Amino acid sequence: MTADFKGPKRPRDPAQLAKLIVDIATGEVEDREPSAKEVRARKGGLKGGPARARALTPEQRSEIARTAAAARWGGRGLCAARQDLRRGSGQLQRPL
6 MTADFKGPKR
16 PRDPAQLAKL
26 IVDIATGEVE
36 DREPSAKEVR
46 ARKGGLKGGP
56 ARARALTPEQ
66 RSEIARTAAA
76 ARWGGRGLCA
86 ARQDLRRGSG
96 QLQRPL
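Read in order, the letters of the sequence shown correspond to residues 6 to 101 in our numbering.
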């Protein structure tokens, strides 16, 4: 495999990893090289994030971050969750 393409992750479990290595060695599973299309897609994807960040104004980036935080925290934000902890006896009054 090329250095810039990671492909699917290998199993972390030693027994599963050993089985995968044996399967590759015996030819039951093919350890393939990425296609030209996959290599181009990855290269383009690596360029896309920084290019988008350069194109956005600070206000646009802030609005995107606000939207992401609202989606992550249900619109309440982290401060509301901390206030819930302070009000109770260490238990959350409402779920995060």
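Every residue gets a Cβ at the ideal spot worked out from N, C-alpha and C, and that includes glycine. If you're wondering where the values come from, they're calculated on a predicted model, not measured in any experiment.
Check your understanding: Distance, Cα to Cα, G50 vs Q21?
Key -> 30 Å
Review point. Starting from S40 and walking both ways along the alpha helix (DSSP H), at which residues does that stretch end?
Key: Note, S40: premise wrong, no alpha helix (DSSP H); not H, not E.
Check your understanding: What is the DSSP secondary structure of E33, counted as helix, strand or coil?
Key -> coil
**Study point:** Residues near I29 in its chain [Cβ-Cβ closer than 7 Å; skip 5 each side]
**Key:** D36
Exercise for review: Find out if the Cβ-Cβ distance for the pair L25, R17 is shorter than 8 Å.
Suggested key: no
Exercise for review: Please go through the same chain and pick out, in chain order, the residues whose beta-carbon is closer than 6 Å to the beta-carbon of V27, but skip the five residues on each side of it.
Suggested key: none
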